[in-house]
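Visitor: Below: one structure in structure tokens.
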Amino acid sequence: MAERVGFIGLGIMGKPMAGHLLSAGYEVVAHSRTRSKVDDLCAAYPAATAASSPREVAEQSTIVITMLPDTPDVQSVMFGGDGLAGSLQPGSLYIDMSTISPAAAADIAGQLSERGVASLDAPVSGGEAGAINAALSIMVGGSQESFDRAMPLFEVMGKTIVLMGGPGAGQTTKACNQIMVALHYAAASEALVLGAKAGVDPAKMVQVLGGGLAASRVLELKGQKMIDHDFQPGFRIDLHRKDLAIALAAGKTEGVPLLATAVVDQLFQAAAAAGRGSLDHSALMSVYEDMARFAVSRIEVEE
């Protein structure tokens with residue numbers, strides 16, 4: 134029997150992910166806090182069905198995916214009134230593709246296991262562009278059996294798909310991913326502001342640095358946008374702040390000092406305090422510009 138997929142959370146990432154499943158021929162039962170997003174999905178795809186609550190999603194699905202902003206959101210959808218936990222049928226599979234606490238992911242997996250429900254924590258990396266282009270990196274925690282069952286769905290939404298270990302391992306890997314992304318943004322910001330204030334063409338810096346050991350996906354995908362101050366959100370500063378809080382908590386739990394992460398976390402806090410929390414995380418550069426009293430976008434390069 135073909136899987137009928139429930140999908141909860143049709144935000145920047147979730148909506149295109151659900152769309153890919155529908156385009157691949159899956160029937161999708163959709164729910165989101167903003168009903169208009171569900172209605173838009175149903176209007177675009179005849180195989181989409183609207184649900185008014187997580188409970189309704191669970192009652193009509195064999196696999197349920199959540200793509201939500203934070204740990205409390207996932208816990209509310211799972212255990213709150215009309216939540217998933219009481220309605221997921223034994224033998225069904227729950228996949229959380231949100232970015233949440235590894236400890237919370239492991240706890241949810243344990244509680245669902247007692248009800249005969251399998252689960253995977255499967256956070257993603259790649260941002261809005263990765264979601265739109267079905268090119269996400271998906272890092273998964275759970276059993277091999279559940280991973281194999283979910284793989285056809287993952288292959289519709291992503292490109293790099295790896296089972297990292299047991300429950301919580303996917304979320305731990307995502308925390309590590311977010312550390313590295315944040316540090317790459319900080320490094321690119323420092324380099325671009327320093328070079329531009331010293332009179333070097335920042336576009337040429339992106340070109341030459343991207344051709345050597347300093348190359349990174351951040352520089353490749355966001356370097357020119359940072360120069361242009363194009364901070365339309367693909368992934369908001371506020372969400373990255375949340376992710377760094379998860380990483381720092383994991384570091385404390387595991388007894389691993391995360392010194393550079395703590396510094397970059399404060400830079401993100403400064404960006405949010407300046408009213409930039411809704412901007413793309415590449416807007417971290419603006420904090421350096423404020424401190425240097427120089428905007429990279431202002432440089433006039435002599436021909």
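In my numbering, the protein residues as written are 134 to 436. Even glycine gets a Cβ: it sits at the ideal position worked out from N, Cα and C.
1) Identify, in the order they occur along the chain, each residue of the same chain with its Cβ nearer than 7 Å to the Cβ of GLY328, setting aside the five sequence neighbours on each side.
2) Candidates GLU387, GLY214, VAL289: which alpha carbon is nearest VAL138's?
3) Output the distance between the C-alpha atoms of GLY150 and VAL257, rounded to the nearest integer angstrom.
4) Is the number of C-beta pairs between the segment 411-419 and the segment 318-325 that are closer than 8 Å three or more?
5) Can you have a look at ARG188 and say buried or exposed, based on whether 16 or more other CB atoms are within 10 angstroms of its CB?
6) How about ILE271 and ALA255: do their beta carbons lie closer than 9 Å?
7) Name the one or two DSSP bridge partners that LEU296 has.
8) Specify, as a first and last residue, the run of the alpha helix (DSSP H) that ASP100 falls within.
9) Might you give, ordered along the chain, the residues of its own chain that have their beta carbon closer than 7 Å to the beta carbon of HIS373, omitting 5 neighbours on each side?
10) Can you tell me which of the three DSSP states ILE228 falls into?
11) If you measure between the beta carbons of LEU226 and LEU269, is that distance less than 9 Å?
12) Could you give the distance in angstroms between the alpha-carbon of ASP281 and the alpha-carbon of THR204?
13) Whole angstroms is fine: what's the gap from ASP376's alpha carbon to ALA177's?
14) Measuring alpha carbon to alpha carbon, tell me which residue in GLY408, ALA267, LEU217 is nearest THR195.
15) Using CA atoms only, rank isn't needed, just tell me which of THR232, LEU245, ARG369, PRO235 is closest to GLY224.
16) Run the CB neighbour count on GLY158, radius 10 Å, all protein chains shown included, and call it buried at 16 or more, exposed below.
17) Taking just the CA atoms, how far does GLY219 sit from PHE368?
18) Near VAL161, what residues of its chain come up, given a Cβ to Cβ distance below 6 Å and the 5 sequence neighbours on each side ignored?
19) For the segment 206-264, which segments carrying the beta strand (DSSP E) assignment without a break, of at least 3 residues, lie completely within its bounds, in sequence order?
20) Evaluate ARG248 with the Cβ neighbour count: other Cβ atoms within 10 Å of its Cβ, from every protein chain shown; 16 or more gives buried, anything less gives exposed.
21) Along the beta strand (DSSP E) that carries VAL197, what are the first and last residues, could you check?
22) If you run the structure through DSSP and keep just helix, strand and coil, what is THR182?
23) Would you be able to state if there are at least three C-beta pairs under 8 Å between the segment 395-410 and the segment 351-362?
24) Report the three-state DSSP secondary structure of ILE141 (helix, strand or coil).
25) Do VAL333 and PHE427 have their C-beta atoms closer together than 9 Å?
26) Under 6 Å Cβ to Cβ from THR232, same chain only, skipping five residues before and after it: list those, please.
27) Check GLY410 in the structure and name its three-state DSSP category.
28) Quick one, which of ALA406, ALA382, ARG168 has its alpha-carbon nearest LYS148's?
29) Using three-state DSSP, classify ARG369 as helix, strand or coil.
30) Secondary structure at ALA163, three-state DSSP: helix, strand or coil?
31) Could you pull the DSSP bridge partners for GLY291 from this structure?
Guide: Quick answer:
1) The residue labelled residue 328 in the question sits at position 195 within the sequence shown. Taken in chain order, the residues that qualify are PRO335, MET338.
2) Position 5 of the sequence shown, counted from the start, is the residue given in the question as residue 138. For VAL138, the closest alpha carbon among the candidates GLU387, GLY214, VAL289 is that of VAL289.
3) In the sequence shown, residue 150 corresponds to position 17, counting from 1. In the sequence shown, residue 257 corresponds to position 124, counting from 1. According to the sequence as given, residue 150 is Met; it is not Gly. Each residue's Cα considered, the two are about 11 Å apart.
4) Proximity of the segment 411-419 to the segment 318-325 meets the contact definition, three or more beta-carbon pairs being nearer than 8 Å.
5) As a first step, residue 188 is located in the sequence shown; it is residue number 55 there, counting from the start. Classification of ARG188: buried, given that the 10 Å Cβ count is 16 or more.
6) As a position in the sequence shown, residue 271 is number 138, starting the count at 1. As a position in the sequence shown, residue 255 is number 122, starting the count at 1. Going by C-beta atoms, ILE271 is nearer than 9 Å to ALA255.
7) On the sequence shown, position 163 is the one that residue 296 refers to. BP columns for LEU296 point to VAL273.
8) Since the first residue of the chain shown is 134 and the last is 436, residue 100 is not available in this structure.
9) As a position in the sequence shown, residue 373 is number 240, starting the count at 1. Taken in chain order, the residues that qualify are GLN311, ALA315, PHE401, HIS414.
10) For the purposes of this step, residue 228 is identified with residue 95 of the sequence shown, where counting begins at 1. Here ILE228 sits in strand by DSSP.
11) By one-based count along the sequence shown, residue 226 stands at place 93. By one-based count along the sequence shown, residue 269 stands at place 136. No, Cβ-Cβ distance for LEU226 and LEU269 is not below 9 Å.
12) Along the sequence shown, one-based indexing puts residue 281 at 148. Along the sequence shown, one-based indexing puts residue 204 at 71. Separation of ASP281 and THR204 (C-alpha to C-alpha, rounded to the nearest whole angstrom) is 25 Å.
13) Reading the sequence shown from its first residue, position 243 is the one you call residue 376. Reading the sequence shown from its first residue, position 44 is the one you call residue 177. For ASP376 and ALA177, the gap between their C-alpha atoms comes out near 32 Å.
14) Taking the first residue of the sequence shown as position 1, residue 195 is located at position 62. Residue LEU217 holds the alpha-carbon nearest to the alpha-carbon of THR195 among GLY408, ALA267, LEU217.
15) Translated into the one-based positions of the sequence shown, residue 224 becomes position 91. Checked all of THR232, LEU245, ARG369, PRO235; the closest Cα to GLY224 is LEU245.
16) Within the sequence shown, the letter at position 25 stands for residue 158. Answer is exposed; the Cβ neighbour count stays below 16.
17) Here residue 368 refers to the residue found at position 235 when the sequence shown is read from its first residue. Here residue 219 refers to the residue found at position 86 when the sequence shown is read from its first residue. Approximately 32 Å, taken between the alpha carbons.
18) As a position in the sequence shown, residue 161 is number 28, starting the count at 1. Contacts found: VAL138, PHE140, ALA151, LEU154, LEU155, ALA181.
19) DSSP runs (the beta strand (DSSP E)) wholly in the segment 206-264: 226-229, 251-254.
20) Numbered from 1 along the sequence shown, position 115 holds the residue referred to as residue 248. So ARG248 counts as exposed.
21) To locate residue 197, count along the sequence shown from 1; it is residue 64. Note, VAL197: beta strand (DSSP E), 196-199.
22) Counting from one through the sequence shown, the residue named residue 182 turns up at place 49. For THR182, the secondary structure class from DSSP, reduced to helix, strand or coil, is strand.
23) At 8 Å Cβ cutoff, the stretches do not touch.
24) Counting from 1 along the sequence shown, the entry for residue 141 is found at position 8. When secondary structure is reduced to three states using DSSP, ILE141 falls in the strand class.
25) Indexing the sequence shown from 1 puts residue 333 at position 200. Indexing the sequence shown from 1 puts residue 427 at position 294. Not in contact: VAL333 and PHE427 (Cβ atoms no closer than 9 Å).
26) Taking the sequence shown and counting its residues from 1, one reaches residue 232 at position 99. Result list for THR232: PRO256, LYS307, ASP376, in chain order.
27) Counting from one through the sequence shown, the residue named residue 410 turns up at place 277. GLY410 falls in the coil class under three-state DSSP.
28) As a working mapping, residue 148 is identified with position 15 in the sequence shown. Closest option to LYS148, judged by alpha-carbon separation, among ALA406, ALA382, ARG168: ARG168.
29) Along the sequence shown, read from residue 1 onward, the residue named residue 369 stands at position 236. ARG369 falls in the strand class under three-state DSSP.
30) By one-based count along the sequence shown, residue 163 stands at place 30. Judged by DSSP in its simplified three-state form, ALA163 adopts strand.
31) Position 158 of the sequence shown holds residue 291. GLY291 pairs with LEU269.
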